[in-house]
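**Q** First the structure, which I've put down as structure tokens, then a few questions once you've had a look.
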Amino acid sequence: MSTVRVRFAPSPTGFFHIGSARTALFNWLYARHTGGTFVLRIEDTDAARNSEAFLAVIYDSMKWLGLTWDEGPGAGGDYGPYRQSERAAVYREYLEKLKAAGRTYEKDGATWFRLEGERYEVYDEHRQKTVTKVKTAPIVIDDAIRGRVERIEDEDFVIVRSDGNPVFHFVNVVDDIAMEITHVIRGEDHLSNSSKHVALFQAFGVKPPQFAHIPLILKQNGPGKMSKRDQGALIEEYQTRGYLPEAVVNYISLLGWNPGGDLEKMPIDDIVAKFDLPGVNQSNARFDDKKMAHMNMLYLLALPPERFIAAARVYFTKHEVFAKAGVTSDPPAAYVDEVLLLSQPKIKGLEELPAYTSYFWTETYPTDEKARAKALGKGDPQARLAELGEWVQSADLATDAGIEAGLKALAESKGLGFGDYQAVARLAVTGLGAGPSITAIFRVLGRERVAARLGRLAASLG
RNA sequence: GUCCCCAUCGUCUAGCCCGGUCAGGACGCCUCCCUUUCACGGAGAGAACCGGGGUUCGAAUCCCCGUGGGGACGCCA
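Position 452, counted from 1, in the first sequence is what our numbering calls 454; the numbers after and before it change by one each time, with no gaps.
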């Protein structure tokens, strides 16, 4: 029996972006769905462009997303080492096989892979030079998503650089053989590489793995595929912005794949259960940050209170929210928790939190001028402020229900409605036009601060 | 330029394989409802089968050609 072995093989030459994450995710999902093995292999054969910092980002982002690997750096496994820079011996061994089979030759100091067939010269317009081509039989790529793809591979290519380092095409195939990879799930941009790779598999006398070329993710604005330089492309960025990893995973799983029903938000176990290669689309998908944000909100809303608080606290620490609000020592934990809980059902993302809660931390919170104009623009705000100021001196602020009853009684006594007090009260105590229920704000802030703020606004109008 | 992949609302997509439903859902946008502001939620509107041929009683669905989009064409991966 052959159990599934898939690999994600990033190259640490740049940050980990949405496209990489989606490829990693699809491999991971397929491994989990089939009960197979997910291998992480680092393709660091380009010494000049690799960096340990990028490598750290890959590990960190994958862990954050929950894409744990069964074999690879830090996880061990029977097919290691899992960094190509440490596998020189393996490549030498396989290179000998190719040499013995007469499939290599030296040119310009490099080792080339020799295709079989009659050679001829032709002028290449794109490269603007004469190149040697080979009359070869078409190569068939058996693709789980696209079916049978036929391509002509008609030029020899370098497999070992003149500096002695083996090239991607070579090490990729060697390692897929050596690590007994059964399914190669990678982006469609590799489709034209796959004919080279199949030629190599054949030269080694090995049956190629099952390919699955997944559609690419296109950038949101403008033409072309998403690259690490595009806005919102980096996984790190979502981590920093306080996105929930499960939301990011759920959203990107929907890029190029769909679960079959109308349900889009689903726990990872359901995605694993439903995911399969034939269900992957053939056409490219455009990234949409609005839908991503919406998915994140759905997850945020559904979070148990203690998990929301934990996530928000991480965000606060990372962004030094209290320090930036001018608070010298952190407010009491219970108070912070209460404020966060008030905010959870109202915000769409954690990044809204600092602005949404600033007035809870300091007396120097900013004022939204539009909200100010609106709240002061109708009725008699000065009178309302005065009435509220008097009311708050003796009102029962213990519970939301009590405060609501008190405010309603006050309004009724003046022949007015709750709404006539709400806007001006909110402006006075928060500086904003939107936020949690005003009754909850009064309760959490407490009599002294509410009274002071009401008084301050009243004074500024006088 | 050559080769490869793809083509349903603005976007992600269901339907296509096994031709026959008002072409369904989601995001966004707009309207209304809920309401203490905002957000959530509820209801609704608007919005698509790229074009042309063919096959067929009948085509989003099968075939061909265009067009459009994407990718590849490195001693990068």
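Glycine included, each C-beta is placed from N, C-alpha and C at the ideal position.
Note that the coordinates shown come from a computational prediction; the quantities given were computed from them, not determined experimentally.
1) Quick one, which of Ser360, Glu392, Gly435, Gly421 has its alpha-carbon nearest Ala373's?
2) Tell me which same chain residues have a C-beta within less than 8 Å of the C-beta of Gln384, skipping the five on either side of it?
3) Please confirm if the region 214 to 226 is in contact with the region 283 to 293, defined as three or more CB-CB distances below 8 Å between the two stretches.
4) For the ligand SAH, I want to know if Leu302 counts as a neighbour, meaning its beta carbon is within less than 6 Å of at least one of the ligand's heavy atoms.
5) Where in the region 305 to 391 do unbroken runs of the alpha helix (DSSP H), each at least 4 residues long, occur, reported from the N-terminal end onward?
6) Would you grab the beta carbon distance between Pro217 and Asn260 for me? Rounded to a whole angstrom, and I think it's under 8 Å.
7) Using the three-state DSSP reduction, which class does Gly21 fall into: helix, strand or coil?
8) Look at the alpha carbon of Gly457 and the alpha carbon of Gly419, and state the distance between them as a whole number of angstroms.
9) Starting from Leu220, follow its DSSP beta bridges and name the residues at the other end.
10) Which of the three DSSP states is assigned to Lys131 in this structure?
11) State the beta-bridge partners of Tyr107 as determined by DSSP.
12) Decide yes or no for the touch test of the region 189 to 201 against the region 68 to 84: beta carbon pairs closer than 8 Å, at least 3 of them.
13) Would you call the region 235 to 242 in contact with the region 17 to 30, where contact means no fewer than 3 C-beta pairs closer than 8 Å?
14) Do the region 86 to 99 and the region 170 to 186 touch if we need at least three Cβ pairs shorter than 8 Å?
15) Cβ of Ala377 within 7 Å of Cβ of Leu447?
16) Which value, in whole angstroms, describes the spacing of the CA atoms of Glu371 and Phe28?
17) If you draw a straight line from the alpha carbon of Thr39 to that of Pro168, how long is it in whole angstroms?
18) If Val160 sits next to Ala112, beta carbons under 8 Å apart, how far is it from one beta carbon to the other, in whole angstroms?
19) Terminal residues of the continuous beta strand (DSSP E) containing Ile187?
20) Taking Ile141 as part of the alpha helix (DSSP H), name the residues at either end of that continuous run.
21) Determine which residues share a DSSP beta bridge with Phe213 and list them.
22) Within 10 Å of its beta-carbon, does Glu155 have 16 or more other beta-carbons around it, so buried, or fewer, so exposed?
23) Please determine, among Pro306, Leu256, Met268, Ala249, the residue with the shortest C-alpha to C-alpha distance to Ala295.
24) Return yes when the Cβ of Leu352 is within less than 7 Å of the Cβ of Gly314, no when it is not.
25) Thr132 and Tyr125: beta carbons closer than 7 Å?
26) Trp363 and Val329 - do their beta-carbons sit closer together than 7 Å?
27) Distance, Cα to Cα, Ala413 vs Leu390?
28) Answer with buried or exposed for Pro438, where buried requires no fewer than 16 other C-beta atoms within 10 angstroms of its C-beta.
29) Whose C-alpha, out of Ala50, Val136, Ile440, Ala139, is nearest the C-alpha of Asp402?
30) Quick check: what's the CA-CA separation for Phe56 versus Gly281?
31) Anyone know if the C-beta pair for Ala214 and Ala146 falls short of 7 Å?
32) Does DSSP put Trp259 in a helix, a strand or coil?
33) Suppose you measure from the CA of Asp278 to the CA of Val136; what does that come to, to the nearest Å?
34) Arg9 and Met181 look like a contact to me (Cβ under 8 Å); what is the Cβ gap, rounded to whole Å?
35) Can you tell me whether Ser285 is buried or exposed, with buried defined as 16 or more other CB within 10 angstroms of its CB?
**A** Taking the definition as stated:
1) Indexing the first sequence from 1 puts residue 373 at position 371. Nearest C-alpha to Ala373: Gly435.
2) What you label residue 384 is simply residue 382 of the first sequence in a count that begins at 1. Contacts found: Ala460, Leu463, Gly464.
3) yes
4) Looking for the ligand SAH in the displayed structure turns up nothing, as the structure carries no ligands at all.
5) 307 to 320, 323 to 326, 335 to 345, 355 to 363, 371 to 378
6) Here the question's residue 217 lines up with position 215 in the first sequence. Here the question's residue 260 lines up with position 258 in the first sequence. The pair is not a contact, with the Cβ atoms about 12 Å apart (cut-off 8 Å).
7) As a position in the first sequence, residue 21 is number 19, starting the count at 1. Three-state result, Gly21: helix.
8) Here residue 457 refers to the residue found at position 455 of the first sequence. Here residue 419 refers to the residue found at position 417 of the first sequence. Taking the straight line from one Cα to the other gives about 21 Å.
9) Position 218 of the first sequence, counted from the start, is the residue given in the question as residue 220. Note: Leu220 sits in a beta bridge opposite Lys227, Arg288.
10) In the first sequence, the residue the question calls residue 131 occupies position 129. Reduced to three states, the DSSP call for Lys131 is strand.
11) For the purposes of this step, residue 107 is identified with residue 105 of the first sequence, where counting begins at 1. BP columns for Tyr107 point to Trp114.
12) no
13) yes
14) yes
15) Along the first sequence, one-based indexing puts residue 377 at 375. Along the first sequence, one-based indexing puts residue 447 at 445. Not a contact, by the Cβ cut-off of 7 Å.
16) Numbered from 1 along the first sequence, position 369 holds the residue referred to as residue 371. Numbered from 1 along the first sequence, position 26 holds the residue referred to as residue 28. Cα-Cα distance, rounded: 48 Å.
17) Position 37 of the first sequence, counted from the start, is the residue given in the question as residue 39. Position 166 of the first sequence, counted from the start, is the residue given in the question as residue 168. Distance between the alpha carbons of Thr39 and Pro168 is about 26 Å.
18) Indexing the first sequence from 1 puts residue 160 at position 158. Indexing the first sequence from 1 puts residue 112 at position 110. So it is a contact: roughly 5 Å between Cβ atoms.
19) Residue 187 sits at position 185 when you count from the first residue of the first sequence. First-last of the beta strand (DSSP E) with Ile187: 185 to 189.
20) Residue 141 sits at position 139 when you count from the first residue of the first sequence. That residue, Ile141, is in no alpha helix (DSSP H); its beta strand (DSSP E) goes 141 to 145.
21) As a working mapping, residue 213 is identified with position 211 in the first sequence. Answer is Asp145, Val186.
22) Counted from its first residue, the first sequence places residue 155 at position 153. Buried, since its Cβ has 16 or more Cβ neighbours within 10 Å.
23) Locating residue 295 in the first sequence gives position 293, where the first residue counts as 1. Among Pro306, Leu256, Met268, Ala249, the Cα nearest to that of Ala295 is on Ala249.
24) Mapped onto the first sequence, residue 314 falls at position 312. Mapped onto the first sequence, residue 352 falls at position 350. The identity of residue 314 in the sequence shown is Ala, whereas the question assumes Gly. Against a cut-off of 7 Å, the Cβ pair of Leu352 and Ala314 comes out as a contact.
25) For the purposes of this step, residue 132 is taken as the residue at position 130 of the first sequence. For the purposes of this step, residue 125 is taken as the residue at position 123 of the first sequence. Yes, the pair counts as a contact, with Cβ atoms nearer than the cut-off.
26) Position 327 of the first sequence, counted from the first residue, corresponds to residue 329. Position 361 of the first sequence, counted from the first residue, corresponds to residue 363. In this structure, Trp363 lies closer than 7 Å to Val329 by Cβ.
27) Here residue 413 refers to the residue found at position 411 of the first sequence. Here residue 390 refers to the residue found at position 388 of the first sequence. Those two C-alpha atoms are separated by around 10 Å.
28) Position 436 of the first sequence, counted from the start, is the residue given in the question as residue 438. Counting Cβ neighbours within 10 Å, Pro438 comes out buried, since at least 16 surround it.
29) One-based indexing of the first sequence puts residue 402 at position 400. Residue Ile440 is the option with its Cα nearest to Asp402.
30) As a working note, residue 56 is residue 54 in the first sequence. As a working note, residue 281 is residue 279 in the first sequence. Cα-Cα distance, rounded: 32 Å.
31) Residue numbering aside, residue 214 sits at position 212 when the first sequence is read from its first letter. Residue numbering aside, residue 146 sits at position 144 when the first sequence is read from its first letter. Contact: yes.
32) Sequence index remark: in the first sequence, residue 259 carries index 257 (1-based). DSSP places Trp259 in strand when its eight states are reduced to three.
33) Taking the first sequence and counting its residues from 1, the one referred to as residue 278 is at position 276. Taking the first sequence and counting its residues from 1, the one referred to as residue 136 is at position 134. Straight-line Cα distance between these residues: approximately 38 Å.
34) Counting from one through the first sequence, the residue named residue 9 turns up at place 7. Counting from one through the first sequence, the residue named residue 181 turns up at place 179. The Cβ separation is near 7 Å, so the contact holds.
35) In the first sequence, residue 285 corresponds to position 283, counting from 1. So Ser285 counts as exposed.
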